[in-house]
Structure formats: structure tokens, C-alpha cells
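Peer 1: Okay, handing you the structure first.
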Amino acid sequence: MSAAIADVQNTPDVRNIAINKVGIKSIRHPIKVADRADGVQHTVAVFDMYVYLPQHFKGTHMSRFIEILNSHEKEISVESLESIVREMCTRLEAESGYLEMRFPFFINKTAPVSGVQSLMDYEVSLIGEVKNGVFSQRLKVLVPVTSLCPCSKKISAYGAHNQRSHVTVDAELGENIWIEEIVELVEKQASCELFSLLKRTDEKYVTERAYDNPKFVEDMVRDVAASLNAEPRIVAYVLEAENFESIHNHSAYALIEHDKRN
């Protein structure tokens with residue numbers, strides 16, 4: 002009989018220092034995401050999976066994170082997030098667990114005049130966490146938009162400088178919300194939304210739309226924040242806007258953080 006293989010991770014640690022998060026980072030895995038238009042969207046996510054490690058354990062069992070992902074291979078989705086995080090805590094004997102998956106999400110958009118359709122991609126993160134037995138989830142969406150400078154429009158005899166902007170909503174959810182709803186909420190408050198494909202009639206429309214709707218980065222975050230405040234399914238949020246300036250070698254930036262429970 003061969004000797005039993007040692008389980009080093011389960012040996013005691015005498016340094017008396019707990020680790021807040023330990024696990025695996027940046028592993029790719031296929032997932033299913035709820036799609037308001039088509040029911041489900043298949044994509045590939047990059048996962049970070051961590052648990053809390055008490056001071057008396059030397060290490061965690063890294064292979065179990067992979068086993069959990071593979072065991073849910075056919076059912077990883079927004080709806081299954083809580084069950085996966087709780088399974089992590091159970092199998093790794095941890096009091097808290099954290100799972101984040103980052104993935105591209107595609108929305109079929111229709112150009113405003115010609116009606117041609119094209120896919121726009123958005124960077125999305127879904128974060129699930131269990132602490133003291135309580136599950137919470139966050140949805141993070143980066144929405145690219147157009148912003149046009151009100152000052153430039155005001156002081157110029159003709160024209161105004163505009164730029165592409167990134168508006169990022171990191172929302173703690175009380176109830177599930179469509180990714181598309183977050184995107185639409187942001188795009189409505191921009192100088193103009195973006196499209197992958199535009200014909201000349203569409204280019205004329207979006208150019209004039211932005212010119213008629215100028216916004217500073219401060220205007221952008223305040224207007225989006227007002228919409229987030231009015232959305233009852235969002236409990237708390239961190240909202241960022243970054244304008245990649247077209248006449249400066251720097252970005253303009255603004256952030257609003259709000260917890261409705263306070």
C-alpha cells in the first residue's frame with residue numbers, strides 16, 4: 002500500500018493572520034446571460050473566485066474552484082450566481098465568498114434614420130458575494146457615449162468639440178434588472194448614443210443631436226445619477242464618467258457614489 006498523500010493546505014498555520022480573499026483569478030469559462038430581446042445570450046466570461054481563509058488554515062483548495070465551474074458548465078448564468086457562491090463557501094469551508102465574472106454583452110441597435118441594424122458590445126461585470134450568510138449582487142456596465150462641450154459651443158462662432166465618453170455604472174441590486182435597461186438609462190442622458198453602423202443620414206442625425214444636447218462630464222454624472230435614484234431595483238451605486246478629450250491630452254472625470262439605505 003502506498004502512503005497517503007499529504008493534504009498540506011489543511012495543515013495548521015501559526016502566524017495567526019487571516020486572508021480576506023484567496024482563490025483563482027482570470028479563468029475563462031462559457032456562460033449564459035439573460036437577453037431581453039432573444040431570451041439568452043451565450044458568451045465567454047473571465048472569472049475571479051475567492052473565499053475567506055481563517056488564520057488557522059495554511060491554504061485553500063484551489064482545484065475546487067475549477068471543479069465548481071465545471072460542475073455548473075451548462076447552467077452558469079445571472080440566475081445561478083448565488084447558488085455558485087454559496088457552493089464555494091460550503092465546499093471550501095469558508096464563511097464568505099466572492100465571485101466576479103466579466104464578459105462582453107451585445108445589443109442589436111437600429112440606426113436612427115436609415116434603420117440599419119448592427120451589434121454594439123458593452124463591457125459587463127456581475128459580482129456575487131456572501132458575507133455572514135447574506136448574499137448581495139452587483140452589476141457593473143460600461144457604456145460608451147458621445148459628449149459635446151457646452152462651453153465650446155457657447156464661445157465658438159461655429160462648431161463645438163466633442164468626444165467619446167465612458168460612463169460606468171456599478172450598481173448593487175435589490176432585484177434583478179436587465180443589462181439593456183442600464184445601458185438605455187445611461188444613453189438617454191448622453192449628448193448622443195453610439196452605433197456600430199451608420200449611414201450618411203444617420204451621421205447627420207447623431208452629429209446634430211449631440212450639438213443640440215451639449216453636456217459637461219458633471220452634467221452627465223448628475224443626470225445619470227438622477228435616473229439611478231429613481232430606479233427602485235438599485236440599492237446603491239458608484240457612477241463614473243470619463244470624457245476622452247479631443248482638444249486636450251487628458252481626460253475629464255467625475256464620480257458620484259450613493260447608498261439609498263443611508
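As numbered in the numbering used here, residues 2 to 263 make up the sequence shown, in order. Built from N, CA and C at the ideal position, the CB exists for glycine as well.
Rounded to the nearest angstrom, what separates T169 and E130 at their Cα positions?
Peer 2: Distance between the alpha carbons of T169 and E130 is about 20 Å.
Peer 1: Let me confirm a value: A226 is counted as buried when at least 16 other C-beta atoms fall within 10 Å, else exposed. Which label applies?
Peer 2: A226 should be labelled buried.
Peer 1: Could you tell me which of A161, V222, E173 sits nearest to E188, measuring between CA atoms?
Peer 2: Of the candidates A161, V222, E173, the one whose C-alpha sits nearest the C-alpha of E188 is V222.
Peer 1: Just verifying my parser: in three-state terms, what is the DSSP assignment at K216?
Peer 2: Coil.
Peer 1: Of all the options V114, I183, P55, which has the alpha carbon lying nearest to the alpha carbon of Y238?
Peer 2: Taking only the C-alpha atoms, the option nearest Y238 is I183.
Peer 1: May I ask which residues mark the beginning and end of the alpha helix (DSSP H) holding V135?
Peer 2: Here V135 belongs to no alpha helix (DSSP H); instead the beta strand (DSSP E) covers 135-149.
Peer 1: Please give me, in chain order, every unbroken run of the beta strand (DSSP E) with length at least 3 that falls completely inside the segment 201-259.
Peer 2: DSSP runs (the beta strand (DSSP E)) wholly in the segment 201-259: 235-245.
Peer 1: Beta-carbon separation of V146 and L195 under 8 Å?
Peer 2: For V146 and L195, yes; Cβs fall inside 8 Å.
Peer 1: Within 10 angstroms of the Cβ of I180, are there 16 or more other Cβ atoms? Answer buried if so, exposed if not.
Peer 2: I180 is buried by the Cβ-count criterion.
Peer 1: Output the distance between the C-alpha atoms of D224 and N214, rounded to the nearest integer angstrom.
Peer 2: Approximately 12 Å, taken between the alpha carbons.
Peer 1: Who are I108's beta bridge partners in DSSP?
Peer 2: For I108, which the question treats as bridged, DSSP gives the partners M121.
Peer 1: From what residue to what residue does the beta strand (DSSP E) around N71 run?
Peer 2: Segment 63-72 is the alpha helix (DSSP H) holding N71; no beta strand (DSSP E) there.
Peer 1: Please return the same chain residues whose Cβ sits closer than 8 Å to the Cβ of L198, not counting the five positions on each side in sequence.
Peer 2: Closer than 8 Å at the Cβ level, and outside the excluded window around L198, lie A112, V117, Q118, S119.
Peer 1: Tell whether a beta-carbon distance below 8 Å holds between R65 and R87.
Peer 2: Contact flag unset, no.
Peer 1: With distances taken between CB atoms, is the gap from V34 to F104 smaller than 8 Å?
Peer 2: Cβ distance < 8 Å, so V34 and F104 count as in contact.
Peer 1: For I108 and M89, I'd like the C-alpha separation in whole angstroms.
Peer 2: In a straight line, the C-alpha of I108 is about 32 Å away from that of M89.
Peer 1: Apart from the five residues just before and just after L186, which ones in its own chain have a Cβ nearer than 6 Å to its Cβ?
Peer 2: For L186, where only same-chain residues beyond five positions count, the Cβ hits under 6 Å are S228.
Peer 1: For G134, count the other beta carbons within 10 Å of its own beta carbon; 16 or more makes it buried, fewer makes it exposed. Which is it?
Peer 2: Result: exposed.
Peer 1: For the putative contact between F58 and L100, defined by C-beta atoms under 8 Å, what is the C-beta separation to the nearest angstrom?
Peer 2: That belief does not hold up - the Cβ atoms of F58 and L100 are roughly 20 Å apart, past 8 Å.
Peer 1: Please state if the CB of Y53 and the CB of A95 are separated by a distance shorter than 8 Å.
Peer 2: For A95 and Y53, yes; Cβs fall inside 8 Å.
Peer 1: Under DSSP, the beta strand (DSSP E) around E83 begins and ends at which residues?
Peer 2: First-last for E83: 82-92, but that is the alpha helix (DSSP H), not the beta strand (DSSP E).
Peer 1: Per DSSP, what kind of secondary structure is E194 in: helix, strand or coil?
Peer 2: Residue state, collapsed to three classes: strand.
Peer 1: Where DSSP assigns a beta bridge to T44, which residues make up the other side?
Peer 2: T44 pairs with I32.
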